[in-house]
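Below is one structure, written out as structure tokens; comments come after it.
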Amino acid sequence: MATGLLKGLGVTFQEMFRPKVTTKYPDEPYVFPNRLRGIQKLYVEKCIVCHQCANICPTQCITIKEKPKTDPAQKKKELAVFDINFEICILCDLCTEVCPTEAIVMTSNVELAETSRADLHKDLPWLEANNTNVREVNKP
Amino acid sequence: MPAALGAVVLLLVVLGLVTFAVYVHRKLLGWMQGRHGPTHTGPYGLLQTIADTVKLLQKEDVIPAQVDRPLFRLAPIIAFAPSFVVLAVIPFAPGLTFADVGVGLLFYLAVASVTTLGVIAGGWAANNKWSLIGALRSAAQMVSYEVPLALSALAVVLMAGSLNLNAIVEAQARSVWFVIPQALGFVIFLIAALAELNRTPFDLTEAESELVAGYLTEYSGVRFAFFMLGEYVYLFAMGALIATLYFGGWLPPHPALAFVPGIVWFLIKALFFAVLPFWLQATFPRARVDQLMGLAWKGLIPLAMVNLVLTAALKTWL
Amino acid sequence: MATLRTEELVLNVGPQHPSTHGVFRLIVTLDGETIVDARPVIGYLHRGTEKLAEDLTYTQIIPYTDRMDYLSAMIGNYALVHAVETLMGLEIPERAEYLRVIAMELNRIASHLVWFGTYLLDLGAITPFLYAFREREKILQLFAEISGARLTYSYMRIGGVKWDVPDEGWLGRVERFVDDFERALEEFHTLVTGNEIVQARLKGIGRIDRETAIAYGLTGVNLRSTGVAYDVRKAKPYSIYDRFEFEVPVRTEGDLWARYLLRLEEMEQSRRIVKQAVRQFPSGGEIMARMPKLIRPPAGEVYTSVESPRGELGVYIVSEGKPQPYRIHFRRPSFVNLQILPRLLIGENVANMIAILGSIDIVLGEVDA
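Residue numbers (full-length UniProt numbering), protein chains in the order written: chain L, 1 to 140; chain X, 1 to 318; chain D, 1 to 369.
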């Protein structure tokens, strides 16, 4: 009559002697797959200020401004402002996908918790200096 | 004076066991679910319960606005105090009983049911619908399951010829452990005991997925800790009672093993039955409230009656 | 004789309640523990996806489909890109189709695993939840490797998929998973299906008959449990589902037990599909069709539907030939299936209420969109 109950007890009993599945994160770092989508890395010198990333962004979290040209002969546009608002960025990877020069790439750094909202506004220097877990293929 | 000292020692020992029981509970559940259980507080997470208790103690004492204040404050104490009182009649080892009451078993059952009052009072006082449903379920459940519990224990009393728990153990020393002649009674007692303790599969009074937390919904901090403490002490007390009634209390399994002190045997047996519900909790889902009542009134009580009659016949003609 | 005055109790279940699977609210009127009236309140997770989509290009809508039925984002992605591709009449490379099918069927398993675990949690059993998540974790790991996310994959693109397999071994790991998964399913059956308490709680409860199910427009397991063998994958084959051998499990009882068994059986069928797809996987080829830089489907209307773990997930697009849709509508199975809930609840008790709600298998992100 109660064989199902007893068999169930057997399953849970055996499980005690199987290896545990819990990982030791954060005591031991968790190795994320290389493609994992984390916060972006910006290569300022590669950027041609084409605004495609800002346009494709489904949440409009990227703000780009161009530097006024000092030398009229200069052809290449230069970045003045490149902000990503991480309050609303959904890490969908579309900005890095459209970038023609791979100036903006994704890293697999997802440990983004901050104690203040203001810290979530990542600006150009921060994004340029961000070198944690850059994907192998995107390293210069 | 020695009696008072003994009571304090008992309290401390039981508190220590409860601390240990919570830890074992979490470890066992963890292992059965492919997890580690507590690991961070102290070596192997041994201090987890202490950390939890300290956390509960320093919490703000929240009393919601609409509660019946005196009753809300009183309920945890009503629920908790009897759990320690019942331990007084448990025979831990030869001569080690804090109150050798003539009607020990009856005392245990009577005092233990006071806890239900605390649960009902808490559920009512909290003035919360979930609490109320939980408390009412608890009342119905206790009323239903005390009957088979007492009936199956009564068969043991018939066998031993005494209500005194010491005498029951001594009777088992003369014959065999009562689990053998009373196998049916033992199964009924075990099921009814699980229901009394509100353990899975009969944890309807605090059925999380249905009733949020049942009668505990509005309780937090120290008051919550009292309810939890009471629950774990009962777990141990019930394990002790099962060991006493059916597994010969402090008696060794074989006379050749008598060199091991009685208290060790007793603790092994009692703790085994205190831990068993954790295993069941890891395996079974919750029964439904109407099924639970059906099981008690249509299944366990008639069976317990049959068991009682059989025991009486056995006792008379053998 | 003086009669005791009794009152009905109005109980507010949710939006914060452990078993409403998100922010669902249910106002029930109780007589004792028996439900005499039930009124669902939804909308706590409404984000206006359809309205927002009118201002977004088709590619930009993909991340939004992730967040509707977040337990099966792959299938949500596919539903959208499939509709756009149908409108544009695109031919999808074979390799991409295989990757899509593998991803979708693994996602179906993952989604049913979440259902299995949380449903048993609703019934009061805590361990199956962790066993189910242990298995699901392996799928999420595979998804993180191929798509870069564990939940909101955004893996599909109009015309193909974003990534090819991450390395040579990925397909091997998928195959190893589906082989091992057979054992896990057996374990679930031993631990849960055979359990007498589970059977006592599920059999004969929450019965839906065939006519009611059709009248309410139920799809998915809720419909198939009443004896209607309707599965979009068979009825209107899309992608390359006609190349695989699999069955559409059907039962006739229409109760919780039937739905429980069907979901477990569907995991087994998905397992079979993935295994065949891995075996037949083409050795080379493109993963994206030739696409214009800006996707501009021709003016017109299209409705396509796919079989999500919850039922028929349909996408209706009205296009004016612009990069953004004029109007897009999602037929969300969770939303449609939920409509039958009040009817099922009348006369049941609180414990059954949770069991019935769980068995419909709703995802609030999809109900509210």
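In this text, a Cβ means the ideal position worked out from N, Cα and C, and glycines have one as well.
Since the structure is predicted, the reported quantities are computational estimates derived from the model, not experimental observations.
Exercise. The alpha helix (DSSP H) with X:Pro148 in it runs from where to where?
Worked result: Walking along the second sequence from the start, residue 148 of chain X turns up at place 148. Per DSSP, X:Pro148 belongs to the alpha helix (DSSP H) from Lys129 to Ala160.
Problem set entry | Pairwise C-alpha distance: X:Ile77 and X:Met1 | Indexing the second sequence from 1 puts residue 1 of chain X at position 1. Indexing the second sequence from 1 puts residue 77 of chain X at position 77. Note on X:Met1: pLDDT 47, under 50, position unreliable in the model; the coordinate value appears next. Spanning the two alpha carbons is a distance of roughly 25 Å.
Exercise. Taking the C-alpha atoms as reference points, what is the distance between L:Val105 and D:Asp361?
Worked result: The residue given as residue 105 of chain L occupies position 105 in the first sequence. The residue given as residue 361 of chain D occupies position 361 in the third sequence. Straight-line Cα distance between these residues: approximately 38 Å.
Problem set entry | Against chain D: residues of the stretch 275 to 291 of chain X by CB proximity under 9 Å | Close to chain D, meaning a Cβ-Cβ distance shorter than 9 Å, are the following residues of the stretch 275 to 291 of chain X: Gln281, Ala282, Thr283, Phe284, Pro285, Arg286, Ala287, Arg288, Val289, Asp290 and Gln291.
Exercise. X:Met238 lies in the alpha helix (DSSP H); which residues open and close that run?
Worked result: Locating residue 238 of chain X in the second sequence gives position 238, where the first residue counts as 1. Looking at the DSSP string, the run of the alpha helix (DSSP H) that includes X:Met238 is Gly221 to Tyr246.
For this session: Verify whether the separation of the beta carbon atoms of X:Pro285 and D:Ala125 is less than 8 Å.
Result: The residue given as residue 285 of chain X occupies position 285 in the second sequence. The residue given as residue 125 of chain D occupies position 125 in the third sequence. Cβ atoms of X:Pro285 and D:Ala125: closer than 8 Å.
Exercise. Which first and last residues belong to the alpha helix (DSSP H) in which L:Ile64 is found?
Worked result: By one-based count along the first sequence, residue 64 of chain L stands at place 64. Unbroken run through L:Ile64 is the beta strand (DSSP E), Ile62 to Glu66; no alpha helix (DSSP H).
For this session: For the beta strand (DSSP E) containing D:Ser305, list its first residue and its last residue.
Result: Counted from its first residue, the third sequence places residue 305 of chain D at position 305. For D:Ser305, the enclosing beta strand (DSSP E) begins and ends at Gly300 to Ser308.
Problem set entry | Test: D:Gln16 CB closer than 8 Å to a CB of chain L | As a first step, residue 16 of chain D is located in the third sequence; it is residue number 16 there, counting from the start. No, no contact with chain L.
Exercise. Name the DSSP beta bridge partners of D:Pro40, please?
Worked result: Translated into the one-based positions of the third sequence, residue 40 of chain D becomes position 40. The partner list for D:Pro40 (beta bridge, DSSP) reads D:Leu26.
For this session: Residues of the stretch 159 to 173 of chain D with a CB closer than 7 Å to any CB of chain L: list them in chain order, please.
Result: Trp163 and Pro166
Problem set entry | Beta carbon proximity, L:Cys92 to chain D, threshold 8 Å | Sequence index remark: in the first sequence, residue 92 of chain L carries index 92 (1-based). L:Cys92 counts as touching chain D.
For this session: For D:Thr59, I'd like the list of residues in its chain whose CB is within less than 8 Å of its CB, leaving aside the five on either flank, ordered along the chain.
Result: Along the third sequence, one-based indexing puts residue 59 of chain D at 59. Arg157, Ile158 and Ile295.
Exercise. Is the Cβ-Cβ distance between residue 326 of chain X and X:Gly249 less than 8 Å?
Worked result: No answer is possible for residue 326 of chain X: it lies beyond the span of chain X, which begins at 1 and ends at 318.
Exercise. Counting pairs of beta carbons, one from the stretch 39 to 49 of chain X and one from the stretch 129 to 146 of chain D, are three or more of them closer than 8 Å?
Worked result: Contact fails: fewer than three Cβ-Cβ distances are below 8 Å.
Exercise. Are the C-beta of X:Gln33 and some C-beta of chain D separated by less than 8 Å?
Worked result: On the second sequence, residue 33 of chain X is found 33 positions in, with the first residue counted as 1. Interface residue, yes.
Exercise. Who are the Cβ neighbours of D:Leu171 in its own chain at under 7 Å, not counting the five residues just before and after it?
Worked result: Residue mapping note: residue 171 of chain D aligns to position 171 of the third sequence, counting from 1. Val165, Val278 and Phe281.
For this session: Measuring only between beta-carbons, confirm whether L:Lys67 sits less than 8 Å from chain X.
Result: Walking along the first sequence from the start, residue 67 of chain L turns up at place 67. Output row for L:Lys67: interface = no.
For this session: Below 6 Å CB to CB, which residues in the same chain sit around X:Ser83 once its five sequence neighbours on both sides are set aside?
Result: Here the question's residue 83 of chain X lines up with position 83 in the second sequence. Gly230, Val233 and Tyr234.
Exercise. Which whole-angstrom value describes the C-beta separation of D:Tyr153 and D:Asp69, a residue pair presumed to lie in contact below a C-beta threshold of 8 Å?
Worked result: Position 153 of the third sequence holds residue 153 of chain D. Position 69 of the third sequence holds residue 69 of chain D. Incorrect: roughly 12 Å between the Cβ atoms, too far for contact.
Problem set entry | Cβ separation of residue 319 of chain X and X:Met159, assumed to be a contact under 8 Å, to the nearest whole Å | Outside the shown range of chain X (1 to 318) lies residue 319 of chain X, about which nothing can therefore be said.
Exercise. Out of D:Ile356, D:Gly365, D:Asp368 and D:Glu366, which has the shortest C-alpha to C-alpha gap to D:Ser19?
Worked result: Taking the first residue of the third sequence as 1, we reach residue 19 of chain D at position 19. Here the closest residue by C-alpha is D:Ile356.
Exercise. What first and last residue would you give for the beta strand (DSSP E) that runs through D:Glu312?
Worked result: The residue given as residue 312 of chain D occupies position 312 in the third sequence. Taken as a continuous stretch (DSSP letters only), the beta strand (DSSP E) holding D:Glu312 covers Gly311 to Ser319.
Exercise. Do the stretch 38 to 47 of chain L and the stretch 104 to 118 of chain L meet, that is, are 3 or more Cβ pairs less than 8 Å apart?
Worked result: In short, these stretches touch, since the Cβ pair count reaches three.
Problem set entry | Secondary structure of D:Phe330, DSSP reduced to three states | Mapped onto the third sequence, residue 330 of chain D falls at position 330. In this structure, D:Phe330 counts as strand in the three-state DSSP scheme.
For this session: Round the Cβ separation of D:Glu187 and L:Leu5 to the nearest angstrom and send it over; I've been treating them as touching at under 8 Å.
Result: Taking the first residue of the third sequence as position 1, residue 187 of chain D is located at position 187. Taking the first residue of the first sequence as position 1, residue 5 of chain L is located at position 5. With a Cβ gap of about 16 Å, D:Glu187 and L:Leu5 do not count as contacting.
For this session: Using a Cβ cut-off of 8 Å (strictly closer), state whether D:Thr127 contacts chain X.
Result: Position 127 of the third sequence, counted from the first residue, corresponds to residue 127 of chain D. Interface residue, yes.
For this session: Give a yes or no on contact between the stretch 308 to 325 of chain D and the stretch 76 to 88 of chain D, applying the rule of three or more CB pairs nearer than 8 Å.
Result: yes
Exercise. Given a limit of 7 Å on CB to CB distance, which residues of the UniProt domain "4Fe-4S ferredoxin-type" (80 to 109) of chain L reach chain D?
Worked result: Ile90, Cys92, Asp93 and Leu94
For this session: Go ahead and pull the three-state DSSP assignment for D:Val165.
Result: Within the third sequence, numbered from 1, the residue matching residue 165 of chain D stands at position 165. Three-state DSSP puts D:Val165 in coil, outside helix and strand.
For this session: For X:Thr41, decide whether its Cβ has a neighbour in chain L, counting only Cβ atoms nearer than 8 Å.
Result: By one-based count along the second sequence, residue 41 of chain X stands at place 41. Not one chain L Cβ lies under 8 Å of X:Thr41.
Exercise. Who are the near neighbours of D:Val221 in its chain, counting only those whose CB is closer than 6 Å to its CB and skipping five residues on each side?
Worked result: Mapped onto the third sequence, residue 221 of chain D falls at position 221. The residues are Arg259, Leu262 and Arg263.
For this session: Measure from the C-beta of D:Ala38 to each C-beta in chain X and report whether the shortest distance is under 8 Å.
Result: Working through the third sequence from its first residue, we reach residue 38 of chain D at position 38. No, D:Ala38 does not count as interfacial toward chain X.
Problem set entry | Option in L:Pro72, L:Cys57 and L:Asn85 with minimal Cα separation from L:Gly114 | Indexing the first sequence from 1 puts residue 114 of chain L at position 114. For clarity, residue 114 of chain L is Glu in the given sequence; the question names Gly instead. Cα-wise, what sits closest to L:Glu114 is L:Asn85.
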